[in-house]
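Participant: If you use UniProt numbering, the sequence shown corresponds to residues 1 to 311, in order. We treat Cβ as the ideally placed atom computed from N, Cα and C, and that holds for glycine. Dropping the structure in here first, questions after.
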Amino acid sequence: MSETTHDGGVAVTAPPSPDEGLTAAELAAKYGLAVSGARPSLAEYVRQLWDRRHFILAFSRAKLTAQYSQAKLGQLWQVATPLLNALVYFFIFGLLLGARKGIPHDIYVPFLVTGVFVFTFTQSSVLAGVRAISGNLGLVRALHFPRASLPISFALQQLQQLLYSMIVLVVVMVAFGSYPGLSWLLVVPALVLHFVFNTGLALIFARMGSKTPDLAQLMPFVLRTWMYASGVMFSIPAMLADKDVPGWVTEVLQWNPAAIYMDLIRFALIDGYGSEYLPPHVWLFAVGWAVLAGASGFVYFWKAEERYGRG
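The following block contains the structure:
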């Protein structure tokens with residue numbers, strides 16, 4: 001397009017832009033642009049996590065190695081810490097408070113050590129999950145990767161630590177007369193379900209902790225209450241048998257996930273800890289808790305993917 005000016009010259013006017021009048025969103029769609037850090041679809045998110053499985057495993061191993069790197073006993077503290085906790089609980093609850101009620105004396109120590117080790121797995125996964133995003137903001141802001149890698153990696157770290165502790169647990173079992181048998185194979189599916197459950201919790205609390213750092217200060221009190229309500233140091237039905245409480249209270253306490261996974265591993269490893277100590281449909285509840293926490297935790301975390309590290 002051209003027009004004549006007052007001095008007889010010809011001025012050429014630029015043709016209108018084909019993008020004129022388009023909104024920013026329409027321009028982005030036209031040229032294939034996407035928001036930086038935008039949340040992918042759920043299926044794509046799963047694929048991205050699978051592509052970074054080697055990073056998740058390596059990161060968990062590095063964190064596990066560095067955890068006690070400044071201590072003189074080093075990695076021995078991975079086993080010594082829950083074992084010392086079990087010793088303290090045995091002295092306070094087993095000897096002073098009589099928490100061995102309903103449990104034969106020869107299996108109380110394996111019962112207690114198993115409970116402490118297994119609950120520590122859940123407790124550590126939750127605490128690590130709370131700090132997974134807020135404690136790694138430099139990494140989150142510097143690199144583009146699916147943020148779920150962090151809480152999953154921390155839950156995997158705690159699983160590896162539990163596996164080290166299982167070596168000591170086996171020694172305790174044999175020392176108190178529980179020898180390896182076919183029932184010990186049940187530990188594998190129980191630990192898999194427990195890991196899925198803990199990973200779901202880590203994802204839930206990672207999202208909550210990313211916006212509320214004070215949650216890290218509150219969670220130890222919540223977890224301690226959960227521990228006392230889960231039968232770590234005592235048998236729930238035996239302890240409440242002569243108490244004036246409704247029967248449904250005992251059932252609810254036995255069906256809470258921490259108690260479920262502890263009881264399954266006790267049942268698998270300890271001779272003399274039979275099915276009479278377990279709530280009905282225990283495996284069904286174990287699968288249900290794992291699926292519920294794992295699936296809901298993953299979706300809940302994924303929903304806020306684009307907001308992590310944004311301040």
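So, with DSSP's three-state summary, where would you put residue 243?
Facilitator: Here residue 243 sits in coil by DSSP.
Participant: Could you have a look at residue 129 and say whether DSSP puts it in helix, strand or coil?
Facilitator: DSSP places residue 129 in helix when its eight states are reduced to three.
Participant: How many whole angstroms separate the CB atoms of residue 202 and residue 126, which I take to be in contact at a CB cut-off of 8 angstroms?
Facilitator: That belief holds up - the Cβ atoms of residue 202 and residue 126 are roughly 7 angstroms apart, short of 8 angstroms.
Participant: Does DSSP put residue 208 in a helix, a strand or coil?
Facilitator: DSSP places residue 208 in helix when its eight states are reduced to three.
Participant: Is the distance from the Cβ of residue 312 to the Cβ of residue 298 below 8 angstroms?
Facilitator: This structure gives no information on residue 312, because the portion of the chain shown stretches from 1 to 311.
Participant: Quick check on residue 199: buried or exposed, where buried means 16 or more other Cβ atoms within 10 Å of its Cβ?
Facilitator: Residue 199 should be labelled buried.
Participant: Whether or not the segment 44-61 and the segment 139-147 are in contact is what I'm after, with contact meaning three or more pairs of Cβ atoms, one per stretch, closer than 8 angstroms; do they touch?
Facilitator: The segment 139-147, when compared against the segment 44-61, does touch it at the 8 angstroms Cβ threshold.
Participant: Among 305, 294, 248, 161, whose alpha-carbon lies nearest the alpha-carbon of residue 121?
Facilitator: Per the Cα distances, 161.
Participant: Would you tell me roughly how many angstroms separate the C-alpha atoms of residue 304 and residue 105, rounded to the nearest one?
Facilitator: Going from the Cα of residue 304 to the Cα of residue 105 covers about 50 angstroms.
Participant: If you measure from the CB of residue 204, is any heavy atom of the ligand PLP nearer than 7 angstroms?
Facilitator: Judged by which ligands are present, the structure shown has none, so any question about the ligand PLP falls away.
Participant: Are the CB atoms of residue 60 and residue 124 within a distance shorter than 8 angstroms?
Facilitator: Contact: no.
Participant: Can you tell me whether residue 248 is buried or exposed, with buried defined as 16 or more other CB within 10 angstroms of its CB?
Facilitator: Residue 248 comes out exposed.
Participant: Which value, in whole angstroms, describes the spacing of the CA atoms of residue 240 and residue 57?
Facilitator: In a straight line, the C-alpha of residue 240 is about 43 angstroms away from that of residue 57.
Participant: With residue 262 and residue 114 assumed to form a contact (beta carbons below 8 angstroms), what rounded beta-carbon distance in angstroms separates them?
Facilitator: Between residue 114 and residue 262 the Cβ distance is about 7 angstroms, and since that is below 8 angstroms, they are a contact.
Participant: Can you tell me which of 278, 216, 224 puts its alpha carbon nearest to the alpha carbon of residue 237?
Facilitator: Ranking 278, 216, 224 by Cα distance to residue 237 puts 278 first.
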